[in-house]
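Quick note on numbering: the sequence shown equals residues -19 to -1, 1 to 501 in mature numbering (1 follows the signal peptide of the UniProt record, and there is no 0).
All residues carry an ideal CB built from backbone N, CA and C; glycine is no exception.
Only one structure is covered here, and it is reproduced in the block below.
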Amino acid sequence: MGSRIQLLGLCLWFHFACSSFIFGSRVAVGGDATVKGTVAIDDKAVIGTIDDDFVCATLDWWPPDKCDYGRCSWGLASLLNLDLNNKIFLNAVKAFSPLKLRLGGSLQDKLIYGTEDYHQPCTPFVKDASEMFGFTQGAKIIFGLNALAGKTIHGNSATGPWNSTNAESFIRYNVRNGYTIHGWELGNELSGSGVGTSITADQYASDFAALRDIVYNAYADIDSKPLVIAPGGFFDATWFREFISKSGKALDVVTHHIYNLGPGVDEHLVEKILDPSFLDKEASTFSGLKNILASTGTSATAWVGESGGAYNSGHHLVSDAFVYSFWYLDQLGMSAAYDTKTYCRQSLIGGNYGLLNTTNFLPNPDFYSALLWHRLMGRHVLSTTFSGTKKIRAYAHCAKQSKGITVLLINLDGNTSVEADVTFDNNAKSLRLRKMSSHSNMMELPFASEAAREEYHLTPQDGNIHSQIMVLNGKPLRVSSAGEIPPLDPIYVNSSEPISVAPFSIVFAHLPDAVVTACG
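This is the structure we're talking about:
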């Protein structure tokens, strides 16, 4: 990837800122309570379908106040300084095979692309408090295109048609040099009232139509064409409906951004993450967009184009710690249930919300959560509810590249264990799990067998949800001295037993002998 970025001729400074629930009975076990609950799966139909590469990450850029070219302490400049031979980084990306990477961010609408027909000096970003977001115009980036080129900004509104000349030159440069681009996205956070500035839905649709024509003409002789994507902003139902309706068949993907936890400096982030009622609120965004896509008759699909939970780089020991996986995996599960095809995490690296540590590239806990999702959760989403406690978040998919289903259970309660039976609503031949009274009775098998299921229990080191060390089935996950990502091995549990979910833990359970009609 490093060589490709260099070949693209970027002359800029980069920076990565880059279910219904009811209460159940409780019994005391070892000082903690244990709840008996039931995961109810409707196996008659698929409620959503995700991309195989559903897990996506962003490469955002935001130059620090002081940054000598190629010597920034964090961001893409430091990554390139690392020669992209850092084995941890390479192995982390390779682990997903493939990982969608969305490059863009708050400064993409200030970019100029330094192609051969651009005859003005290409200058780095310089801090300027008088400019929007505090920076002057800069250079270029791939994927995210500058939607403000040629526009006049009056207050918080950008008016006039998009000047596509520089963007078209950049697109054709990539085609001419044979660089594969998965998708071109127009603009960043300009929808609705915008962030800093905004464009009306009508004008955005017109600008987007121009991008679509450019892409199709540039790739006329190429069978596999990139996706054309927009608007990459916060969901505003009225604005999105108008934009989607007026874009018609030109639109491949509708992207929206999510920072539902508020600012990273908020002292109540953990409180929000552990509150199921708060987590439920974001469902209205997913359902709202799903309904608009259905009612307008578009063939476009929905992506979360950027989501970091807490904006302004998150919060150290929250967004880069175990506790964030509660929020992150719940978002993956919820968005998938509303037919979201791809979910891009802010960020792969950068800020306090990166999947990788900004300084040493070591995986943060959410990296392992994302990787387990990627390996275990198949494309087809099943309707799932949990009864027994409000503190369990439950999701189920057809298993990925294997038989049966995978169930994801997230326990937001730090004092209560859960013993979960799995039942199926419509298939008499489906697997049913017998109830048990305590976690201590769980039968763990030393090897795989026809009577076994695979379980992956994620917990924080030393029980501290602010830990940056993820523990899988009792073993801390650590990168090897050679930079290799550790294996994510399951334990095998008798399929007749309930799924045991410890306090403040996450469980992926693969049930290979579950016969589910919807999974074919």
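| query | result |
| --- | --- |
| Separation of Val235 from Val299, as counted between CA atoms | 29 Å |
| First through last residue of the beta strand (DSSP E) which encompasses Thr140 | Ser138 to Thr140 |
| Start-end ranges of the alpha helix (DSSP H) lying completely within the stretch 178 to 207, minimum 4 residues | 182 to 199 |
| CB of Gly164 within 8 Å of CB of Val209, strictly | yes |
| Assigned secondary structure, Pro257 (DSSP; H/G/I helix, E/B strand, else coil) | helix |
| Meets three-Cβ-pair contact criterion under 8 Å: the stretch 363 to 372 and the stretch 459 to 475 | no |
| Identified DSSP bridge partners for Arg374 | Ile391 |
| contact_flag[the stretch 180 to 200, the stretch 238 to 245] where n(CB pairs < 8 Å) is 3 or more | no |
| Which of helix, strand or coil DSSP assigns to His361 | strand |
| Neighbourhood of Tyr200 by C-beta, 8 Å cutoff - its chain only, sequence neighbours within 5 removed | Val156, Lys206 and Pro207 |
| Per-residue burial, Tyr197 [other beta carbons within 10 Å of its own, 16 or more giving buried] | exposed |
| Sufficient close CB pairs (3 or more, under 8 Å) joining the stretch 304 to 324 to the stretch 248 to 262 | yes |
| Which listed residue (Ser364, His378 and Tyr334) has its alpha carbon closest to that of Trp354 | His378 |
| Alpha-carbon to alpha-carbon, Arg356 and Phe405 | 23 Å |
| Tyr334 (DSSP reduced to helix, strand or coil) | coil |
| Which of helix, strand or coil DSSP assigns to His297 | coil |
| Spatial distance of Thr140 from Gly168 (CA atoms) | 14 Å |
| Assigned secondary structure, Asn241 (DSSP; H/G/I helix, E/B strand, else coil) | coil |
| Range covered by the alpha helix (DSSP H) that runs through residue 542 | The requested residue 542 is not part of the displayed model; the chain covers only -19 to 501. |
| Under 8 Å between C-beta atoms of Ile386 and Val488 | no |
| The stretch 358 to 369 / the stretch 24 to 41 touching (three or more Cβ pairs under 8 Å) | yes |
| Opening and closing residue of the beta strand (DSSP E) in which Phe405 lies | Thr397 to Phe405 |
| Through-space distance from Pro441 to His447, alpha-carbon basis | 8 Å |
| Host alpha helix (DSSP H) of Val16 (start-end) | Segment Asp13 to Thr30 is the beta strand (DSSP E) holding Val16; no alpha helix (DSSP H) there. |
| Helix, strand or coil at Asn475 [DSSP, three-state] | strand |
| Residues of its chain near Glu166, where Cβ-Cβ distance is below 6 Å and the 5 sequence neighbours each way are ignored | Phe124, Gly125, Ile210 and Gly213 |
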